[in-house]
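Comments concern the structure below.
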Amino acid sequence: MSLFWRIFLLNAVVVIAATALLLGPVTVSTPVLLTEAAVLTAGLAAMLVANALLLRIGLAPLQRLTQAMTTTDLLRPGRRPTAGGHGEIAELITTFNTMLDRLEHERATSSARALSAQEAERRRIARELHDEIGQTLTAALLELKRVADHAPAGLREELHQVQETTRGSLDEIRRIARRLRPGVLDELGLASALKSLTTEFTSPGLTVTHHLDADLPQLGRDTELVLYRVAQEGLTNTARHAHARTADLALTRAPTGVELRVHDDGHGIGDSPEGAGIRGMRERALLIGADLTVGPAPGGGTEVRLAAPVHAPASDPDRNP
13 MSLFWRIFLL NAVVVIAATA LLLGPVTVST PVLLTEAAVL TAGLAAMLVA
63 NALLLRIGLA PLQRLTQAMT TTDLLRPGRR PTAGGHGEIA ELITTFNTML
113 DRLEHERATS SARALSAQEA ERRRIARELH DEIGQTLTAA LLELKRVADH
163 APAGLREELH QVQETTRGSL DEIRRIARRL RPGVLDELGL ASALKSLTTE
213 FTSPGLTVTH HLDADLPQLG RDTELVLYRV AQEGLTNTAR HAHARTADLA
263 LTRAPTGVEL RVHDDGHGIG DSPEGAGIRG MRERALLIGA DLTVGPAPGG
313 GTEVRLAAPV HAPASDPDRN P
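By the numbering used here, the letter at position 66 of the sequence shown is numbered 78, and the numbering carries on one by one without gaps.
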């Protein structure tokens, strides 16, 4: 039965019942008596209440569907309204759930392509920074050293300062290249890459420690890359926004895979909306079917948790044997 006929018949039942009462025990005289007016008022109130209750019951699934439409987030998949009600209402909810399935699949596919292209571009830029600019600066350093060795004493000190500036620029370029595409991840694996990451973010104002289980399961290349990028983004947010003194990075074995945790003792995220960094972490988590939570940590600060399932490791042509 269509929604129109359901509402029409519900209202018709109420009107017919009221008419039957007026034709039967309830009568109206002219002029209207006070008792009759009271009976009519009570009858009208009863009709309105009955109509409201029946419509509330009949349209309750639509309210749940409306709430689901306003709260659905494709970065947090899996939440579906129950296909309750009858007829067109149940069909509408089922269609909405099917649409969500399709949208989540299309978003995951497009995100995978975009992130894959992003990683490829990062790899290309990192290689060019290391091979082209890095080698050019290295050659410039050698030439500066040769010139400084034969320069007068007054000019030699200035050339040494230029050398130090050039050396600092070379170190910065290498650091940027490592962040764009960490060679240690490809060459030595995830554990070594995470240890190197904690060392990189440790500074005079921030101490970063790590705790890595020794019996971690074998992970696929995509899973390792997502874990590394989420850890990198979590520590980047800590260093830039948290005003923290200490941070801890932990990678432990979980019942269904592994769990990554990045915790700091900063001021927390409060009511701040999620930025591009957190949304990027959620998109990466979707690629491997992982569950990401970002929120306040016990005892203060912010905690990032990523529970990643174990997939069969894929071969990587760029990884050295």
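Where is the CB? At the ideal position from N, CA and C, for every residue including glycine.
Where residue i falls: helix, strand or coil (DSSP)
| i | result |
| --- | --- |
| residue 255 | coil |
| residue 83 | helix |
| residue 121 | helix |
| residue 331 | Residue placement at residue 331 cannot be trusted, given a pLDDT of 42 that sits under 50; what the coordinates show is reported in the next sentence. Coil. |
| residue 92 | coil |
| residue 324 | Any reading at residue 324 needs caution, since the residue's pLDDT is 49, under 50, leaving its predicted position unreliable; the model's value is listed next. Residue 324 falls in the coil class under three-state DSSP. |
| residue 221 | strand |
| residue 246 | helix |
| residue 313 | coil |
| residue 262 | strand |
| residue 215 | strand |
| residue 271 | strand |
| residue 28 | helix |
| residue 160 | helix |
| residue 234 | helix |
| residue 292 | helix |
| residue 201 | coil |
| residue 350 | A question about residue 350 goes unanswered here, because the residues of the chain that appear run from 13 up to 333. |
| residue 308 | strand |
| residue 226 | coil |
| residue 23 | helix |
| residue 303 | strand |
| residue 283 | coil |
| residue 277 | coil |
Closest by C-alpha distance to residue i, when choosing among the options
| i | options | result |
| --- | --- | --- |
| residue 211 | 305, 233, 159, 244 | 244 |
| residue 107 | 162, 81, 60, 155 | 81 |
| residue 249 | 274, 173, 102 | 274 |
| residue 124 | 301, 312, 305, 54 | 301 |
| residue 27 | 50, 51, 58 | 58 |
| residue 219 | 278, 50, 232, 200 | 278 |
| residue 29 | 46, 118, 63 | 63 |
| residue 131 | 165, 240, 117 | 240 |
| residue 233 | 151, 222, 322 | 322 |
Environment of residue i [buried if 16+ CB atoms lie within 10 Å]
| i | result |
| --- | --- |
| residue 83 | exposed |
| residue 293 | buried |
| residue 20 | exposed |
| residue 271 | buried |
| residue 235 | buried |
| residue 282 | exposed |
| residue 61 | exposed |
| residue 180 | exposed |
| residue 285 | exposed |
| residue 177 | exposed |
| residue 161 | exposed |
| residue 316 | buried |
| residue 333 | Its pLDDT being 35, under 50, residue 333 is placed unreliably in this model, and the value from its coordinates should be taken loosely. Flag for residue 333 reads exposed. |
| residue 18 | buried |
| residue 314 | buried |
| residue 306 | buried |
| residue 216 | exposed |
| residue 69 | exposed |
| residue 2 | Outside the shown range of the chain (13 to 333) lies residue 2, about which nothing can therefore be said. |
| residue 32 | exposed |
| residue 318 | buried |
| residue 46 | exposed |
| residue 304 | buried |
Beta-carbon gap between residue i and residue j smaller than 8 Å
| i | j | result |
| --- | --- | --- |
| residue 149 | residue 115 | no |
| residue 238 | residue 299 | yes |
| residue 261 | residue 206 | yes |
| residue 309 | residue 269 | no |
| residue 101 | residue 74 | yes |
| residue 209 | residue 167 | no |
| residue 71 | residue 105 | no |
| residue 296 | residue 171 | no |
| residue 146 | residue 186 | yes |
| residue 276 | residue 259 | yes |
| residue 312 | residue 280 | yes |
| residue 142 | residue 203 | no |
| residue 256 | residue 213 | no |
| residue 345 | residue 109 | Because the chain in this structure spans residues 13 to 333, residue 345 falls outside the shown range and cannot be described. |
| residue 67 | residue 22 | yes |
| residue 174 | residue 156 | yes |
Proximity test, Cβ basis, 8 Å: residue i and chain B
| i | result |
| --- | --- |
| residue 82 | Structure shown: chain B not included; a single protein chain is present. |
Is it true that the segment 264 to 273 meets the segment 219 to 228, where meeting means three or more beta-carbon pairs spaced less than 8 Å apart?
yes
Count the CB pairs spanning the segment 119 to 138 and the segment 182 to 199 that are closer than 8 Å, and state whether there are at least three.
yes
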